[in-house]
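Student: Take this structure first; my questions come after.
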Amino acid sequence: MAELSNAPAPSQEALVDIYRRMIRIERNDDAIRKTIRLGRLVMPYYSARGQEVIPATISSLLTDDDKICTIYRGIHDMVAKDMPLRPLWAEIAGRVDGTCKGKGGPMHLTHPETGVMVTTGIVGSSMPIANGLAWAAKLDGSKRVTIAYFGDGASNIGAFHEALNLASVWKLPVIFVCQNNGFAEHTRYENGTSVDFIAKRAIGYGMPGHTVDGNDPLAMYAAAHEAITRAREGEGPTLLECKTFRFLGHVLGDDDKYMTKEEKAAAIAKDPLPAFKAWLVAQGHATEDQLADMQAKIEAEVEDAQEFGLASPLPSVDELRRDVFAQEMPA
Amino acid sequence: MTAKKMNSLQAVNSALAQAMAEDNKVLVLGEDVADREGGGVTGATAGLSTRFGDDRVKSTPISEQAIIGAAIGAALSGYKPVAEIMLMNFTTVAMDMIFNHAAKLRFMSGGQSTVPITIRTLTGAGWQTAGQHADHLEGWFAHTAGIKVVAPSTPADYKGLLLSCIQDPDPCIFIESAGSLFIPGEVDEVATPIPLGKARIVQEGTDITIVSWSSQVLRCQAALPALAEAGISVELVDLRTVSPWDREAVLASVAKTGRALVVHEAVRDFGPGGEIASTIAEELFGQLKAPVRRLGAPKSPVPFAKVLEDAYIVSPERVAEAVKALMA
Ligand SMILES: Cc1ncc(C[n+]2csc(CCOP(=O)(O)OP(=O)(O)O)c2C)c(N)n1
Ligand SMILES: [Mg+2]
């Protein structure tokens, strides 16, 4: 774990809370994958296994009032934001008790109560909308902040460039969090991106930009703390480039032949989850028993959510006429 | 000529290879299309960069506007680019390039400019990809002057029509659709281009004409046995090209049968079926034995839940029901 020089050190409580969010993401992801493999869930799944530290750390610094916009690979961002798992499971199962009544599905969950405002399937589109949420916070005189999550590949689409410029000109309380996992579908970072560090692009838009080890909770905490504080204090946006790796390819079932076995193995060997757990115990921030107990509770929560989701009723076809407009359409 | 059994995705690959071999002005660009990136996420462009070189087959960043823009620029310089927009919904972020530029440059330059680009794009409900990955937007493009819209349903047509799009002097959008992509059929290894704007009669009949295109043709076809059993003689017309569409073939067929049903996967309201239905009504008013009917998706985004997605798509059962109602 690298310590940043002038960064505020997270409290013991904060560290354990980050771990709680990480393990909740991972246990939930594991259950989703198992359920898909058993054929009990049918859905395209973009696992974020390996990327847990980023939203876990950021969310530990957010309240329910703070907003996020995320992407198809975003269930980790939602779970980190403490979205309840029952409606999450019902949604990915396409059931009425889902966050979106089964209409949105795994790429498009929305849960305003926990600040999950938009989940987009269109690369780049989380950022312009995050600006609007941040603008509203400013108009409301609120100190809430908005996080726009996106991938490295998304930094090459027009929406990224327009959104960063606008956020800077309007000094918006938004943090652009790029989860740089080194690949955009099958394209390796350097074959699609003109700069060696996406954070460098911040210079062009007049905002601070930092490249952070997205698998290191302490480095992430320091960088996120600074960016979030800056946004809350009305000093404007920040671009955080968080370097990480996705362990399970682009979409579940992809054979990831576009990466080498060695680089994948090397990344998995540095899995941040067991590493952080060991560190917490070694530093005396938590005991093995305490973390095992935490994990058992989370596993029970996941199991309950899974049962709930899969038992929830299927939507009626009348739902095709509802929610298209505020007023139900005639049959 | 040797024919081979292949699915429509393989037919696309085969058409691209043939076009590139025949004309070195043909280029391919799009996200992940080169072999270094696996030859396309569906494999549609597999092998092309290895065979024709990285200069002619280029993977791009996730930048749809830049993809279409580059295709237009190369086309203005004499090339014939085939740009892949991975999914049709992603054309939305390149709409300025497609609608304001590719489609209009010939007219607005007084005929000096020509933009012979082909935009290949995949779409269609059925894979539970929900509201931002599955829309059939052919109506948007068909409404635009200056762009041709092609939507085949069989492997042979995928190949023959893609070859024509690539050779065509105007921009074409070539729609690959989920419901027909993996159905095999016979395809010539060296195929002859199939002319744009010409329909294909899937089955001849005398009682009623069904007009359809893209994957929806297969769902209409699936309704035919039940209808035959019910003693109804159906003429099924696969339009293949949505714009310009084969008015002659459709009108000749309906003049014969006196009844018409237009069926598409796209949303029915304000959909392309309206154009066809109203043309039939205008031209054949006195000869119709029943009102012209349309079937299409409800005015709803494509839903995720399987039960809703199934209800969203016009099933063979609903086609059969509508035909029977028109015969009653
Ligand atoms: C506008 C648009 N173009 C293409 C796609 C298809 N697509 C989905 S994910 C993806 C790769 C995105 O990579 P990155 O931004 O690095 O995020 P990651 O998937 O690695 O988390 C692509 C090209 C899309 N969803 N939207
Ligand atoms: Mg990525």
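For the record, the sequence lines run as chains A and B.
Heads up, the numbering used here is the position in the first sequence plus 381, with the first residue counted as 1.
Heads up, the numbering used here is the position in the second sequence plus 8, with the first residue counted as 1.
Every residue, glycine too, gets a C-beta built ideally from N, C-alpha and C.
(1) With a threshold of 8 Å between beta carbons, is residue 383(A) in contact with chain B?
(2) CB of residue 538(A) to nearest heavy atom of ligand 1: below 7 Å?
(3) Compute the Euclidean distance between the alpha carbons of residue 54(B) and residue 134(B), then round it to the nearest angstrom.
(4) Do residue 559(A) and residue 532(A) count as a contact pair if the criterion is CB distance below 8 Å?
(5) For residue 586(A), which three-state DSSP category applies?
(6) Is residue 694(A) helix, strand or coil by DSSP?
(7) What residues come near ligand 1, if near means a beta carbon less than 7 Å from any of its heavy atoms?
(8) Anything in chain A within Cβ reach of residue 58(B), meaning under 9 Å, just list it in chain order.
(9) Around the Cβ of residue 97(B), are there at least 16 other Cβ atoms within 10 angstroms (buried) or fewer (exposed)?
(10) Considering Cα atoms alone, identify which of 323(B), 315(B), 184(B) is closest to residue 229(B).
(11) In terms of residues, what are the limits of the beta strand (DSSP E) holding residue 499(A)?
(12) So which residues on chain B does residue 512(A) lean against when the C-beta distance must stay under 8 Å?
(13) Which bits of chain A does residue 40(B) rub up against, with CB to CB less than 9 Å?
(14) Within the 8 Å Cβ cut-off, does residue 71(B) reach chain A?
(15) Does any C-beta atom of chain B lie closer than 8 Å to the C-beta of residue 642(A)?
(16) From residue 624(A) to residue 64(B), what does the alpha carbon distance come to, in whole angstroms?
(17) Got a sec: which bits of the stretch 652 to 667 of chain A sit with their beta carbon under 7 Å from any beta carbon on chain B, in order along the chain?
(18) Mapping DSSP to helix, strand and coil, what is residue 427(A)?
(19) Going by Cα to Cα distance, which pick from 328(B), 236(B), 316(B) is closest to residue 136(B)?
(20) Inspect the CB distances between the stretch 660 to 673 of chain A and the stretch 636 to 651 of chain A and report whether three or more fall short of 8 Å.
(21) Tell me the rounded alpha-carbon separation between residue 72(B) and residue 610(A).
(22) What three-state label does DSSP hand residue 208(B) in the structure shown?
(23) From the DSSP output, read off the bridge partner residues of residue 156(B).
(24) Looking only at its own chain, which residues have a Cβ that is under 7 Å from the Cβ of residue 613(A), when we skip the five neighbours before and after it?
(25) Let me check one thing: in DSSP terms, what residues is residue 196(B) bridge-paired to?
(26) Are the CB atoms of residue 451(A) and residue 416(A) within a distance shorter than 8 Å?
(27) Between the alpha carbons of residue 396(A) and residue 686(A), how many angstroms are there, rounded?
(28) Would you mind listing the alpha helix (DSSP H) stretches within the stretch 84 to 147 of chain B that are 4+ residues and don't spill past its ends, in chain order?
(29) For residue 115(B), I'd like the list of residues in its chain whose CB is within less than 7 Å of its CB, leaving aside the five on either flank, ordered along the chain.
(30) Quick check on residue 711(A) - is its C-beta less than 8 Å from some C-beta in chain B?
(31) Pick from 224(B), 282(B), 255(B), 254(B): whose alpha carbon is nearest that of residue 132(B)?
(32) Taking 6 Å as the limit between beta carbons, can you name the residues of its chain near residue 66(B), skipping five residues before and five after?
(33) State yes or no: is the beta carbon of residue 484(A) nearer than 8 Å to at least one beta carbon in chain B?
(34) Check whether the Cβ atoms of residue 320(B) and residue 305(B) lie closer than 8 Å to each other.
(35) Against chain A, with Cβ distances strictly below 8 Å, would residue 151(B) count as a contact?
(36) Along chain A, in chain order, which residues have C-beta atoms closer than 8 Å to that of residue 140(B)?
Tutor: The structure says:
(1) Per-residue confidence for residue 383(A) stands at a pLDDT of 48, beneath the threshold of 50, marking its modelled position as unreliable; the derived number appears in the next sentence. No, residue 383(A) lies away from the interface with chain B (no Cβ there is under 8 Å from its Cβ).
(2) yes
(3) 24 Å
(4) yes
(5) coil
(6) coil
(7) 427(A), 452(A), 453(A), 454(A), 502(A), 503(A), 504(A), 505(A), 531(A), 532(A), 533(A), 534(A), 535(A), 538(A), 560(A), 562(A), 564(A), 565(A), 566(A), 627(A), 631(A), 39(B), 70(B), 72(B), 94(B), 95(B), 98(B), 101(B)
(8) Ordered by position in chain A, no residue passes the 9 Å Cβ test against residue 58(B), which lies about 15 Å from the chain.
(9) buried
(10) 323(B)
(11) 497 to 501
(12) What residue 512(A) touches in chain B: nothing, since even the nearest Cβ is about 17 Å away.
(13) 565, 566, 567, 568, 639
(14) yes
(15) no
(16) 33 Å
(17) none
(18) coil
(19) 316(B)
(20) no
(21) 35 Å
(22) strand
(23) 180(B)
(24) 524, 526, 554
(25) 11(B)
(26) no
(27) 26 Å
(28) 113 to 116
(29) 154
(30) no
(31) 224(B)
(32) 37
(33) yes
(34) yes
(35) no
(36) 488, 489, 501, 502, 503
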